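A.B. asks: Each residue of the sequence shown is one higher than the one before, starting from 1 at the first, in the UniProt record's numbering.
Glycine residues also receive a C-beta, built at the ideal position from the N, C-alpha and C atoms.
Here the structure is a predicted model, which means the values were calculated and not measured.
Pasting a structure below so you can have a look.
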Amino acid sequence: MRVSCRFCRQYLPNHNAGSYDDPRFKLVIDDGVNFVNQTNQTFDVIISDCTDPIGPGESLFTSAFYEGCKRCLNPGGIFVAQNGVCFLQQEEAIDSHRKLSHYFSDVGFYQAAIPTYYGGIMTFAWATDNDAVRHLSTEIIQARFLASGLKCRYYNPAVHTAAFALPQYLQDALASQPS
Numbered sequence: 001m002r003v004s005c006r007f008c009r010q011y012l013p014n015h016n017a018g019s020y021d022d023p024r025f026k027l028v029i030d031d032g033v034n035f036v037n038q039t040n041q042t043f044d045v046i047i048s049d050c051t052d053p054i055g056p057g058e059s060l061f062t063s064a065f066y067e068g069c070k071r072c073l074n075p076g077g078i079f080v081a082q083n084g085v086c087f088l089q090q091e092e093a094i095d096s097h098r099k100l101s102h103y104f105s106d107v108g109f110y111q112a113a114i115p116t117y118y119g120g121i122m123t124f125a126w127a128t129d130n131d132a133v134r135h136l137s138t139e140i141i142q143a144r145f146l147a148s149g150l151k152c153r154y155y156n157p158a159v160h161t162a163a164f165a166l167p168q169y170l171q172d173a174l175a176s177q178p179s
């Protein structure tokens, strides 16, 4: 894994945008379930950018992992996890929604275009107990984005807002699940 990180730092500098040099950055190479069950650290945001839920990656889609992540979040914190290409892997989103709903009051999804993935549109689970966060106006998001000084190639406040507009097939699939 360290070799992969060195490779990314050296050959894909535009992808990491200097994040390895940020003083807040700490690289942890560990089993995700083990980490969230052993650490005493807490976080404002946890992003689980993991493999598909098969083989070794399956543990990162379990209730035990989600419960550990919930414990590691600060009050009002946000948990995000990739959920595959929903058009082709709808069951991943349904399963994540069912499990995450046991731990968080606001569970939903957003999508982003990832052209390198077959199917192109990746789905990401979103979970928090701070119901107000997902309902911020585009104007507030715009003001915060401008204040941050970030320069992004893809992201902007309009893309942020639009990402939460889900296709009808996913809305229908989630609505048909028992509460």
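1) On the criterion of 16 or more Cβ atoms from any shown chain inside 10 Å, does Lys-70 qualify as buried, or is it exposed?
2) Measure how close the beta-carbons of residue 185 and Asn-83 come, nearest whole angstrom, since I'm counting them as under 8 Å.
3) Considering only DSSP beta bridges, list what Thr-123 is partnered with.
4) Taking the alpha carbon of Lys-99 as the point to measure from, which residue in Pro-178, Ala-132 and Arg-2 has its own alpha carbon closest?
5) Runs of 3 residues minimum, wholly inside the UniProt domain "PABS" (1-129): which ones carry the beta strand (DSSP E) assignment?
6) What residue from Leu-88, Gln-171, Asp-22 and His-135 has the CA that sits closest to Tyr-118's CA?
7) Looking at Tyr-103: is its Cβ nearer than 9 Å to the Cβ of Glu-67?
C.D. replies: Taking the geometry as given:
1) buried
2) Given a span of 1 to 179 for the chain in the structure shown, any question on residue 185 remains unanswerable.
3) Gln-111
4) Pro-178
5) 43-48, 73-82, 106-113 and 121-128
6) Leu-88
7) yes
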